[in-house]
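If you read the sequence shown in our numbering, its first letter stands for residue 1, the second for the next number, and so on.
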Amino acid sequence: MRVRDVMTEDVETIPAGESAENALRRMHSRRIRHLIVTLGTEAVGIVSEGDLDALGTSRRFQMVGDVMNSPAITVEPEMTIRQAANLLRGRTIGCLPVMEHGRLVGILTTTDLLELIGRGAERPVASSKRWILKGRGPRRKAAVLG
């Protein structure tokens, strides 16, 4: 299975010059935890709900570009789910922007992966096969204790 099969295509972006307070309000209203930060048409970083919460009351004076994680670690749509999951786990991050030919086409989050597992779409478990022992000979009867 590939990233393309699991990613969310409707990606929320925010300009780097937007206030951190507006970014947090937008996340809460859309019920998301990550925004891709753009400068013009280029994706330059990621800002997460945790990053903004950590600012406390000073977030109303901060710009998104000042608190974003940059550069963003990105993946291609043809990467396998296993590779992407290992990248998320290894870097301890919550999302990966999906880029194709330099253009943002989606986002893969830990929530997307958990939904995949919840649907039971992981590798199917083979049922156990019962082996028949040919030429085993007759079975002995259990001795009766008397």
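The beta-carbon is built from N, C-alpha and C at its ideal position, and this holds for glycine as well.
Predicted, not measured: the structure shown is a model, and the values here were computed from it.
Residue environment, residue i, which counts as buried when at least 16 other CB atoms sit within 10 Å
{"i": "A54", "result": "exposed"}
{"i": "H28", "result": "exposed"}
{"i": "I117", "result": "exposed"}
{"i": "S58", "result": "exposed"}
CA nearest to the CA of residue i, picked from the options
{"i": "L52", "options": "L108, R26 and V67", "result": "V67"}
{"i": "V64", "options": "P77, V44, R89 and E78", "result": "V44"}
{"i": "G56", "options": "R33, L24, I36 and R82", "result": "L24"}
{"i": "L96", "options": "R59, G17, G118 and R33", "result": "R33"}
{"i": "T13", "options": "P77, R60, V98 and F61", "result": "V98"}
{"i": "F61", "options": "R31, P15, N69 and A20", "result": "A20"}
{"i": "T41", "options": "P15, N22 and S48", "result": "P15"}
{"i": "R31", "options": "T111, G102 and A84", "result": "T111"}
{"i": "M1", "options": "Q83, G50, R103 and V37", "result": "Q83"}
{"i": "N69", "options": "N86, G50, A85 and M79", "result": "G50"}
Integer Cβ distance of residue i from residue j, believed to fall under 8 angstroms
{"i": "V75", "j": "V3", "result": "6 angstroms"}
{"i": "R89", "j": "I73", "result": "At roughly 12 angstroms, the Cβ-Cβ gap does not stay under 8 angstroms, so R89 and I73 are not in contact."}
Cβ pair residue i, residue j closer than 9 angstroms
{"i": "L35", "j": "I46", "result": "yes"}
{"i": "I81", "j": "L113", "result": "yes"}
{"i": "G94", "j": "S48", "result": "yes"}
{"i": "I100", "j": "P77", "result": "Rather than Ile, the amino acid found at residue 100 in this sequence is Glu. Yes; because the gap between Cβ atoms is below 9 angstroms, this pair is in contact."}
Any chain B beta carbon closer than 9 angstroms to residue i
{"i": "D112", "result": "In the displayed structure, chain B is absent; only one protein chain is listed."}
Does the stretch 100-111 come close enough to the stretch 2-15 that 3 or more CB-CB pairs lie under 8 angstroms?
The stretch 2-15 vs the stretch 100-111: in contact.
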